[in-house]
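Asker: Here's a structure for you.
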Amino acid sequence: MDYKDYLDRFVSDVQALTDVVTEKTKQKASEAKLHIDIKKAETDRDKAYRALGRIMYQIEMGTLRRDENIVKAACSQVTEQEEAIARMKKDLEARKKEEETGAPTVNAQESSDGSDDKDEDTEDADPDPGPEEKADGAEKKDGIPVLKFCPSCGTGNDPDAKFCKKCGREI
Ligand SMILES: [Zn+2]
């Protein structure tokens with residue numbers, strides 16, 4: 001084969017190779033991002049654990065009022081992070097599987113057909129829904145107060161607190 005053929009062949013081979021590499025890199029990039037997000041969520045979870053531990057310690061030592069809601073709020077922060085971690089790890093597993101088989105995994109969460117038309121019987125609606133029976137996610141707004149954790153000492157403060165009650169830092 002003459003030089004020109006060789007060159008054309010070389011160029012198209014390199015092009016094909018580059019396409020594959022680019023695809024792989026894209027996939028790796030989002031995997032790497034997932035790894036970072038998981039690490040971050042794990043750090044946040046550990047922070048929430050520490051805050052919970054501090055709350056329990058302060059309650060035990062009598063420096064914090066024994067308040068069921070504060071403990072619940074701190075626990076729900078931990079749970080929230082644990083759930084996020086589990087979700088992302090599952091996502092990462094799916095990606096790895098996808099990479100092995102080469103077949104894209106169907107995302108079950110995106111298959112909603114919008115079939116929930118529940119606003120027919122507004123007459124029967126309970127005018128006073130109890131704060132206890134709120135669905136996931138809504139509890140923080142209505143039932144349990146969202147704690148403002150102090151960024152320097154981790155103390156859980158009242159949601160409307162301006163300053164940390166422990167160390168006085170502005171929050
Ligand atoms: Zn503080």
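The opening residue of the sequence shown carries number 1 in the numbering used here; numbering runs sequentially from there. Note that CB positions come from ideal geometry on N, CA and C, so glycine has one too.
Tell me, please, which residues DSSP counts as bridged to ASN69.
Answerer: DSSP lists no partner for ASN69.
Asker: With DSSP as the reference, label GLY53 as helix, strand or coil.
Answerer: Reduced to three states, the DSSP call for GLY53 is helix.
Asker: Should the region 55-72 be regarded as contacting the region 86-96, the criterion being three or more beta carbon pairs within less than 8 Å?
Answerer: no
Asker: Quick test of the definition: if touching needs 3 or more C-beta pairs under 8 Å, does the region 81-88 touch the region 37-47?
Answerer: yes
Asker: From ASP13 to ASP19, what distance separates their C-alpha atoms?
Answerer: 10 Å
Asker: Alpha carbon to alpha carbon, what distance is there between GLY156 and LYS90?
Answerer: 31 Å
Asker: Quick one: what's GLY156 bridged to in DSSP?
Answerer: PHE149
Asker: Cβ atoms of ARG45 and VAL78: under 8 Å apart, would you say?
Answerer: yes
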